[in-house]
Every structure is written in C-alpha cells, then in structure tokens.
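In what follows, a structure is listed as structure tokens, so that the remarks can point back to it.
Numbering (the working numbering), first residue to last: 441 to 748.
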C-alpha cells in the first residue's frame, strides 16, 4: 500500500504492518515483520530505493512480532525508546526465544539472524526531535500501556504518524502493561492529532488511514473501551465483609464485576479467538489490580501473563 513517501507492507499474519518511508535525506524501515518472503519484499524495496541514502530502523516496541525482521537490516541506524534499549538480558532472551519458538512451530527458516535491536538513537521524552539531513524531522512521544516500551513517531515531511500497537481500525486495546498508562497514551494521541495534524496514521495492525475523522474515531473507541472496562470491573471492587464476593490473599473482597458488560466487551474484539479472549482477560486483571491498588486493598487477582 503506497501513501506518498510511505509504503506499508501488511503481513498476512495478524494484519501486522511494516513501513518504509523515503525522504530526500533517508530511508526508514519500521517494524519489519513476519514471514521470510514478507521481510524479503521489504528488503528489496529498500535496495531499489536507497540510492546511497542512510538507512534507519525504527522499532516501536519489543513485542516479538515487531522484532522478528530486524536482522535483515544490519547496517541500519536503530531508533527505539529508552525502555526498549534498557531491557534486561533476561527480557531480551525471552523475546528471541519467542521468535525461535514461532519459527520452530511453523518450520520457518530465515536467511537473516534473529537479534534484539541495539538502538543508537534513544527516544527518552515526549516531543523529542531528531533532525536528519536538510529536510527530515522526526518527533517522538513515549507510548506505554500496551507495553512499557512503546513509542509514537511523527515523520516529516509527509506527516506520517507511526503508532505501533495503538489505534487499529479493528483491534481494541490490548493492555499488557498498564491501563492508566494506556489512557495517558490516548491523551497524547489526541494532542498529536489536534496540534500536529498528521496526514497518515499507520497502526501496528490493520489499515492505515488518511482521514482525520477516522483517527478521531479510533482514539474515541479505544478510550471508551477502557472506560467501560473500568466501570464494569469497578463494580466488582467491594469494601466490606458483608459484600458478596471472594477473599483474596490480601484479605480484600472482590467479585467478578458487571459480568454482562464484561462479556459484551469481550465480544467487541475483532477477529474473535482465544487470542482476543486472553487479551480481554488480561485487560480485566490489570484494571482490577490498578483499581484495588488505588483503593488501598493490595494487588490481589493480578496475573503475571504476557501476550505478544
């Protein structure tokens, strides 16, 4: 899919997007992914278009599906968030293990090494800017909530907003890190849309859009979904021994919340599957833990699962 100076390569798997952006000063690859022939198509595009320009590789976050093709661009200057760069050896090994397990499960062989990216350019604060050459400027914002290490980038010229795993046209919020942080990221998204007026939004999964109204809709849908989850889960946070519910390890009382609404929210996810059910369950556990922590009742009920 071509959008001016951006070409979006959408994988057959999870409708995951990789993007190649050309400016007079550079070529940039974002989140190259999934299958070997898909990564090869991205590499071929870069080779055809590069014409001696420097190559940059931007990694929006460290879910393994966004790392899987990074080894195809060994001479790229890597850009990522400070949190991604600071990942522990154990976390890095776990991400690589997920890639190897995926490849083994589907008998996939790759010509390129599997590697955790080593960023040379670190995005550490909201509004941080990077000037490349005479014409190109990138602006970064930290975007946690889905994961701890996410980032937004706006590439100019072109007004291309790289959103990582936020603002899909069909995928509702997958909260793997923090619901409160996710809501803050959505507030940042609203300010980007209002103040910077991007001309193209590229999410990590699903269709890009050039429509400002569609960008607004996606922000509103995600915000409303988390708000409804908070209300439904909050109905299960109770305060006395007389309330119906279960007692957790910390002695606090809780019940499942507004079960009917939670079921409706589970079914609202696009492409219903065990993956979306697991994501919904994790959303509920994280929100419950945050509500309980805020009310002084501990962290009972929180799981330790992570999704990719």
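Each residue gets a CB set at the ideal place from its N, CA and C atoms; glycine is no exception.
It should be emphasised that the depicted structure is a prediction, and the values quoted were computed from it without experimental measurement.
Between the C-alpha atoms of residue 584 and residue 703, what's the straight-line distance to the nearest angstrom?
On the chain shown, residue 584 is found 144 positions in, with the first residue counted as 1. On the chain shown, residue 703 is found 263 positions in, with the first residue counted as 1. When rounded, the distance between both Cα atoms is 26 angstroms.
Let me know the secondary structure DSSP gives residue 740 once reduced to three states.
Residue mapping note: residue 740 aligns to position 300 of the chain shown, counting from 1. Low local confidence applies: a pLDDT of 44 at residue 740 is under 50, so the model's placement there is unreliable, with the coordinate-based value given in what follows. It is coil, neither helix nor strand.
So, helix, strand or coil for residue 642, using DSSP?
Residue mapping note: residue 642 aligns to position 202 of the chain shown, counting from 1. In the structure shown, residue 642 falls within a strand segment according to DSSP collapsed to helix, strand and coil.
Enumerate in chain order the residues of its own chain whose CB-to-CB distance from residue 671 is below 8 angstroms, with the five nearest sequence positions on each side excluded.
As a working mapping, residue 671 is identified with position 231 in the chain shown. So the list reads 698, 701, once near-sequence residues are dropped.
Can you check the segment 544-628 for any beta strand (DSSP E) of at least 3 residues that lies completely inside it and give the ranges in chain order?
Listed in chain order, the beta strand (DSSP E) elements of length 3 or more contained wholly in the segment 544-628 are 561-563, 568-572, 576-582, 591-596, 600-602.
Between residue 589 and residue 502, how many whole angstroms is the CB-CB distance? I'm expecting something under 8 angstroms.
Position 149 of the chain shown, counted from the start, is the residue given in the question as residue 589. Position 62 of the chain shown, counted from the start, is the residue given in the question as residue 502. That pair is a contact at about 6 angstroms.
In or out: residue 641 buried (at least 16 other Cβ within 10 Å) or exposed?
Walking along the chain shown from the start, residue 641 turns up at place 201. Residue 641 is buried by the Cβ-count criterion.
Check this for me: beta carbons of residue 573 and residue 461, under 8 angstroms apart or not?
For this step, residue 573 is matched to residue 133 along the chain shown. For this step, residue 461 is matched to residue 21 along the chain shown. No. Outside cutoff.
Residue 575 and residue 463 look like a contact to me (Cβ under 8 angstroms); what is the Cβ gap, rounded to whole Å?
For the purposes of this step, residue 575 is identified with residue 135 of the chain shown, where counting begins at 1. For the purposes of this step, residue 463 is identified with residue 23 of the chain shown, where counting begins at 1. Going by Cβ atoms, the distance from residue 575 to residue 463 rounds to 6 angstroms, so yes, they are a contact pair.
Helix, strand or coil: which one does DSSP assign to residue 525?
The residue labelled residue 525 in the question sits at position 85 within the chain shown. Correct three-state label for residue 525: helix.
First and last residue of the alpha helix (DSSP H) that includes residue 730?
As a working note, residue 730 is residue 290 in the chain shown. Element bounds for residue 730: 714-734.
Just tell me which of 612, 625, 628 has its CA closest to the CA of residue 661.
The count along the chain shown starts at 1 and reaches residue 661 at position 221. Measuring from the Cα of residue 661, the nearest candidate turns out to be 612.
Tell me the residue span of the beta strand (DSSP E) that contains residue 469.
In the chain shown, residue 469 corresponds to position 29, counting from 1. Element bounds for residue 469: 466-470.
Would the beta-carbon of residue 447 fall within 8 angstroms of that of residue 644?
Position 7 of the chain shown, counting from 1, holds the residue named residue 447. Position 204 of the chain shown, counting from 1, holds the residue named residue 644. It is not a contact, given that the beta carbons lie outside the stated cut-off.
Buried or exposed (CB count within 10 angstroms, at least 16 for buried), residue 730
Residue mapping note: residue 730 aligns to position 290 of the chain shown, counting from 1. Result: buried.
Going by C-alpha to C-alpha distance, which of 568, 709, 669 sits closest to residue 727?
Taking the first residue of the chain shown as position 1, residue 727 is located at position 287. Residue 727 has its Cα closest to that of 669, out of 568, 709, 669.
Below 8 angstroms between beta carbons: does that hold for residue 517 and residue 560?
Here residue 517 refers to the residue found at position 77 when the chain shown is read from its first residue. Here residue 560 refers to the residue found at position 120 when the chain shown is read from its first residue. For residue 517 and residue 560, yes; Cβs fall inside 8 angstroms.
Specify whether the segment 608-628 and the segment 709-722 touch according to this definition: at least 3 beta carbon pairs, one from each stretch, less than 8 angstroms apart.
yes
Give the straight-line distance between the Cα atoms of residue 619 and residue 544, rounded to the nearest whole angstrom.
As a working mapping, residue 619 is identified with position 179 in the chain shown. As a working mapping, residue 544 is identified with position 104 in the chain shown. Distance between the alpha carbons of residue 619 and residue 544 is about 33 angstroms.
Return the CA-CA distance between residue 586 and residue 614, expressed in angstroms with no decimal places.
Taking the chain shown and counting its residues from 1, the one referred to as residue 586 is at position 146. Taking the chain shown and counting its residues from 1, the one referred to as residue 614 is at position 174. Each residue's Cα considered, the two are about 6 angstroms apart.
Please name the residue in 649, 596, 654 whose C-alpha comes closest to that of residue 441.
Mapped onto the chain shown, residue 441 falls at position 1. Of the listed residues, the one whose Cα sits closest to residue 441 is 649.
On the CB-based measure, 16 or more other CB atoms within 10 Å of its CB, does residue 658 come out buried or exposed?
Taking the first residue of the chain shown as 1, we reach residue 658 at position 218. Answer is buried; the Cβ neighbour count reaches 16.
Please name the residue or residues paired with residue 478 in a DSSP beta bridge.
As a first step, residue 478 is located in the chain shown; it is residue number 38 there, counting from the start. Note: residue 478 sits in no beta bridge, so no partner.
Can you tell me whether residue 471 is buried or exposed? The criterion is at least 16 other CB atoms within 10 Å of its CB, across all chains shown.
Within the chain shown, the letter at position 31 stands for residue 471. Buried, since its Cβ has 16 or more Cβ neighbours within 10 Å.
Please go through the same chain and pick out, in chain order, the residues whose beta-carbon is closer than 7 angstroms to the beta-carbon of residue 691, but skip the five residues on each side of it.
Counting from one through the chain shown, the residue named residue 691 turns up at place 251. Because residue 691 carries a pLDDT of 38, less than 50, the predicted location of this residue cannot be relied on, and no value is offered for it.
Delimiting residues of the alpha helix (DSSP H) encompassing residue 462
Indexing the chain shown from 1 puts residue 462 at position 22. For residue 462, there is no enclosing alpha helix (DSSP H); the residue is part of the beta strand (DSSP E) that begins and ends at 457-463.
Cα-Cα, which of 713, 616, 656 is closest to residue 722?
Mapped onto the chain shown, residue 722 falls at position 282. Minimum Cα distance to residue 722 is reached at 616.
Through-space distance from residue 719 to residue 634, alpha-carbon basis:
Locating residue 634 in the chain shown gives position 194, counting from the first residue. Locating residue 719 in the chain shown gives position 279, counting from the first residue. So the two alpha carbons sit approximately 30 angstroms from each other.
Continuous beta strand (DSSP E) stretch holding residue 516: start and end:
If you number the chain shown from 1, residue 516 lands on position 76. It is not in any beta strand (DSSP E) - residue 516 carries neither H nor E in the DSSP assignment.
Beta-carbon separation (whole angstroms), residue 519 vs residue 497, contact threshold 8 angstroms
What you label residue 519 is simply residue 79 of the chain shown in a count that begins at 1. What you label residue 497 is simply residue 57 of the chain shown in a count that begins at 1. About 7 angstroms separates the two Cβ atoms, so the contact holds.
Collapsed DSSP secondary structure at residue 495 in the structure displayed:
Counting from one through the chain shown, the residue named residue 495 turns up at place 55. Residue 495 falls in the strand class under three-state DSSP.
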